[in-house]
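Report on the structure given below.
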Amino acid sequence: MININKNITKNIRNLLVIFVVFFINLIELFALNTGYFGRISFIVICFSGFLYFLYKNFIKNRGNRNRTLEVYTVLNIIFFLYVVANGVLFHNNIRLFYGGYQYIVYYLIFFTLYSFVEIRLLDIFMKFILGINFISSCIMIYEFITKKNIIETEGTKMAFNGVTIVRAKAFFGSFLNAGVVLCICCFIALYYVYRYRKQFKYIVLYSIIILVYLLGIFATGSRGPLVALIGGLFFYLIAYLILIKKDVKLTIIIVSTLAILSFLTLFIIMNINYESIDNTLLKFIAHRIQSIFNWSNDVGNVGRIDAWKNALKMVKGNITFGIGIAATGAKGIGSFSIGVTESGVLKKLVEMGIVGFIISYAIYIYVGISAFKNITSKIYPRETKIFNLFMLSAFISVMIEDSIYQSTESEVVSFYLFLVIYFIFVSKSKYFNKRFIDTSEEE
229 MININKNITK NIRNLLVIFV VFFINLIELF ALNTGYFGRI SFIVICFSGF LYFLYKNFIK
289 NRGNRNRTLE VYTVLNIIFF LYVVANGVLF HNNIRLFYGG YQYIVYYLIF FTLYSFVEIR
349 LLDIFMKFIL GINFISSCIM IYEFITKKNI IETEGTKMAF NGVTIVRAKA FFGSFLNAGV
409 VLCICCFIAL YYVYRYRKQF KYIVLYSIII LVYLLGIFAT GSRGPLVALI GGLFFYLIAY
469 LILIKKDVKL TIIIVSTLAI LSFLTLFIIM NINYESIDNT LLKFIAHRIQ SIFNWSNDVG
529 NVGRIDAWKN ALKMVKGNIT FGIGIAATGA KGIGSFSIGV TESGVLKKLV EMGIVGFIIS
589 YAIYIYVGIS AFKNITSKIY PRETKIFNLF MLSAFISVMI EDSIYQSTES EVVSFYLFLV
649 IYFIFVSKSK YFNKRFIDTS EEE
């Protein structure tokens, strides 16, 4: 009877996780067809996951302490208390609610995943994530080719050279969010390429999946996710050579060679006259890549700089505690939000001041330190270290994107950010190495 109850409980937790994944990947569909049901369910599941996490790790299993997890939890609780205090300080209930949603509920995603995802099913869960986003990427490619979004919204079309370009987004609600998610999935798929490095058919399979993700990123027309992906890949390569390969001479040679090749490639691309290209698609791609480096004439980049300057002006009056949570951002423009900062870094600084900024980034820094320790540890097998390095690279990619656009303001990006953080922390578990890594080596 006890075993039956345990199985029922496990199945319920599995179903809740699957629901959250579907909600995130189909968030626009949920919003159109279920009203607030999706978000309310999301909030309830996240709080339930957090409470179950506290019970499981600090009451039920208090004898089996995990110091890394304890520190991470304490940092988050301190941050939650500050968020509430900040919201109360500025006497705005609407901002308190939305700020709590973004800075508390989003952060609870980690605890929900840690509580509800079974390690023995982790491999299946990761492949499920890759599969559902493979489908999303195919939809995005379809949208780009047919020049029609599955769900029509404003701001997804842009005119280029007399041709309408549709920026694909599938059901993510935003082409920018979609691009970041596919960027993260590229790193997960790259891990599987490494994992199945001795099995050619799987190398081909996951390489095709990565190619579809890349085409999906291009279909969004977003430059940020592409820059973030390249930045994350460079980080992975350098970290791999230094921390795992531990060959200084080889590191210098490869990094120097890549730097030269990157400079030459960039020089060639920047000197291409895209107007002379006959193919509209290639012309558009060349234009978008060139515009990444055009910070004086490109409308998007100039507008972003203006938003950054304005954000710094806003926080000058109260650098200590900021101007209040949810005071900026795309959510609530015209009601409780006074505008966008175009940077997740500046958003936190402007809204919560230097105090909240330090606390929030202390959490991210601790994640980086934990991953670094996993990678350099002598007790973990090479497979675990490579897994951590891929996840840390995905984490770095999101941080790059969030620095130039407030991407973590959305449920979608935040879910995948904390999914990566979950992967980093769960890899410290002895069960991870027994049930995930050992299984991969047998395969």
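Mapping of the sequence shown onto our numbering: position 331 corresponds to residue 559, and the numbering continues sequentially without gaps. Glycine is no exception: its CB is placed at the ideal position from the N, C-alpha and C atoms.
Checklist line | Coil, strand or helix - F400 by DSSP | finding: coil
Margin query: Using a Cβ-Cβ cutoff of less than 6 Å, which residues in the same chain neighbour N321 once the five nearest sequence positions on both sides are dropped?
Written below: none
Note to self: Assuming T392 is part of the beta strand (DSSP E), what are its boundary residues?
What the structure shows: Note, T392: beta strand (DSSP E), V391 to V394.
Check: Going by the CB atoms, is the gap between S571 and S519 shorter than 7 Å?
Finding: no
Next item on the list: Please list, in chain order, all residues of the same chain as I624 whose beta carbon is under 6 Å from its beta carbon, the five residues on each side excluded.
Entry: G460 and F463
Margin query: Assuming L336 and F247 are in contact, meaning their beta carbons sit under 8 Å apart, how far apart are those beta carbons, in whole angstroms?
Written below: No, L336 and F247 are not in contact; Cβ-Cβ is about 15 Å, not under 8 Å.
Margin query: In this structure, how does DSSP classify S655 when only helix, strand and coil are distinguished?
Written below: coil
Notebook entry, point to check: Based on Cα-Cα distance, which residue from I357, I332 and F275 lies nearest to L647?
Noted result: I357
Next item on the list: Report the residue from G444, V316 and N253 whose alpha carbon sits nearest the alpha carbon of E371.
Entry: G444
Margin query: Spatial neighbours of I482 within its chain, please: C-beta separation below 8 Å, excluding the five flanking residues on both sides.
Written below: Excluding the 5 residues flanking it on each side, I482 has same chain C-beta neighbours closer than 8 Å at L465 and L469, in chain order.
Notebook entry, point to check: Straight-line CA distance for I416 to N292?
Noted result: Looking at the backbone, the Cα of I416 and that of N292 are separated by about 30 Å.
Margin query: If you measure between the beta carbons of I431 and F362, is that distance less than 7 Å?
Written below: no
Check: The alpha helix (DSSP H) with F491 in it runs from where to where?
Finding: V476 to M498
Checklist line | Nearest-angstrom Cα separation, counted from A406 out to I496 | finding: 29 Å
Margin query: Give me the residue from R290, A555, M627 and A558 with the minimum Cα distance to Y589.
Written below: M627
Margin query: Using the Cβ count rule (16 or more neighbours within 10 Å means buried), how would you classify R423?
Written below: buried
Note to self: Using a 10 Å radius around the Cβ and a threshold of 16 neighbouring Cβ atoms, would you call N304 buried or exposed?
What the structure shows: buried
Next item on the list: Could you check the C-alpha separation between I367 and A398 for me, to the nearest Å?
Entry: 6 Å
Margin query: I'd like to know whether the C-beta atoms of M258 and G266 end up nearer to each other than 7 Å.
Written below: Checking the sequence shown, residue 258 turns out to be Phe, not Met. In contact: F258 and G266 (Cβ atoms closer than 7 Å).
Notebook entry, point to check: Looking at C-alpha atoms only, which residue of F664, G584, N285 and S524 is the closest neighbour of Y608?
Noted result: Among F664, G584, N285 and S524, the Cα nearest to that of Y608 is on F664.
Next item on the list: Determine which residues share a DSSP beta bridge with K541 and list them.
Entry: Per DSSP, none; premise fails for K541.
Check: How is the beta strand (DSSP E) around F388 delimited, first residue to last?
Finding: K385 to F388
Next item on the list: Kindly list the residues whose CB is nearer than 7 Å to the CB of F643, restricted to its own chain and excluding five residues on each side of it in sequence; keep chain order.
Entry: I252 and I337
Item checked: Cβ contact check for the stretch 378–398 and the stretch 583–599: 3 or more pairs under 8 Å -> no
Check: Are V333 and I271 close, meaning C-beta to C-beta below 7 Å?
Finding: yes
Checklist line | Rounded C-alpha distance that separates A447 from N235 | finding: Each residue's alpha carbon lies about 42 Å from the other.
Note to self: Using C-beta distances below 6 Å, list every residue in its chain close to I412, excluding the 5 sequence neighbours before and after it, in chain order.
What the structure shows: Same-chain partners within the cutoff: A622 and Y644.
Check: Which of the three DSSP states, helix, strand or coil, is assigned to S571?
Finding: coil
Next item on the list: Evaluate Y331 with the Cβ neighbour count: other Cβ atoms within 10 Å of its Cβ, from every protein chain shown; 16 or more gives buried, anything less gives exposed.
Entry: buried
Margin query: Assuming V409 and V640 are in contact, meaning their beta carbons sit under 8 Å apart, how far apart are those beta carbons, in whole angstroms?
Written below: 6 Å
Item checked: Distance, R295 Cα to T301 Cα -> Those two C-alpha atoms are separated by around 10 Å.
Next item on the list: Pull up the distance between the alpha-carbon of K355 and that of A313, whole angstroms please.
Entry: 40 Å
Next item on the list: Name the two residues that bound the continuous alpha helix (DSSP H) containing R293.
Entry: That residue, R293, is in no alpha helix (DSSP H); it is neither H nor E in DSSP.
Next item on the list: Select from S450, F344, T493 and Q427 the residue whose C-alpha is nearest the C-alpha of I393.
Entry: S450
Next item on the list: Take I649 and list the residues in its own chain whose beta-carbon comes closer than 6 Å to its own, dropping the five residues that flank it on each side.
Entry: F338 and V595
Notebook entry, point to check: Taking C-beta to C-beta, are I582 and I547 nearer than 7 Å?
Noted result: yes
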